[in-house]
């Protein structure tokens, strides 16, 4: 996983904004990996990635793009979808990977006391306090 600190700024209307764009880092990492991989999966609909997909394909990497076209508005740029070797709509994945909310387990009751194993170690710690001088 790659992380990057966000940048905070005040826009022209005086509102505080937070920006954390990773596009360049992702593109650089992909290009460095190109000679070591056969396939890449990109979870994005940003049309700016079309040129990255094309560059990866020139290096022999097959690219699958996962985003959604069924939402309103669609969340994938048409040029990115067309450039990909394979486009998979998130809605297709939901049917394969998702679960019915009714099948989810019921929320657990909040604990009002520490688990038993913590209670024992706390008691043991209190008993050992007498062994040390202040």
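Numbering (the numbering used here), first residue to last: 51 to 184. For glycine and all other residues, C-beta sits at the position ideal for the given N, C-alpha and C. Remember, predicted model here, so these are calculated numbers, not experimental data.
If residue 134 sits next to residue 113, beta carbons under 8 Å apart, how far is it from one beta carbon to the other, in whole angstroms?
Along the chain shown, read from residue 1 onward, the residue named residue 134 stands at position 84. Along the chain shown, read from residue 1 onward, the residue named residue 113 stands at position 63. Between the beta-carbon of residue 134 and that of residue 113 there is about 5 Å, and that keeps the pair under the 8 Å contact cut.
Tell me, please, whether the segment 95 to 113 touches the segment 70 to 78 by the rule of three or more beta-carbon pairs shorter than 8 Å.
Cβ pair count under 8 Å is three or more, so yes.
Please classify residue 111 as buried or exposed, where buried requires at least 16 other C-beta atoms within 10 Å of its C-beta.
Along the chain shown, read from residue 1 onward, the residue named residue 111 stands at position 61. Here residue 111 is buried. Its C-beta has 16 or more other C-beta atoms within 10 Å.
Please confirm whether residue 67 and residue 61 have their CB atoms less than 7 Å apart.
Start at 1 with the first residue of the chain shown, and residue 67 comes out as number 17. Start at 1 with the first residue of the chain shown, and residue 61 comes out as number 11. A distance below 7 Å separates the beta carbons of residue 67 and residue 61.
Rounded separation between residue 63 and residue 56 - CA only
Position 13 of the chain shown, counted from the first residue, corresponds to residue 63. Position 6 of the chain shown, counted from the first residue, corresponds to residue 56. Near 20 Å, if we compare the C-alpha coordinates of residue 56 and residue 63.
To the nearest angstrom, report how far apart residue 70 and residue 98 are at their CA atoms.
Locating residue 70 in the chain shown gives position 20, counting from the first residue. Locating residue 98 in the chain shown gives position 48, counting from the first residue. Near 16 Å, if we compare the C-alpha coordinates of residue 98 and residue 70.
Cβ pair residue 116, residue 138 closer than 7 Å
For this step, residue 116 is matched to residue 66 along the chain shown. For this step, residue 138 is matched to residue 88 along the chain shown. Cβ distance < 7 Å, so residue 116 and residue 138 count as in contact.
Applying the 10 Å Cβ sphere with the 16-neighbour rule, what's the burial state of residue 148?
Here residue 148 is taken as the residue at index 98 of the chain shown, counted from 1. When all chains shown are included, residue 148 counts as exposed.
Counting only runs of 3+ residues fully inside the segment 110 to 160, write out the beta strand (DSSP E) ranges in chain order.
Every beta strand (DSSP E) stretch that sits fully inside the segment 110 to 160 and reaches 3 residues is listed by chain position as 112 to 117, 136 to 139.
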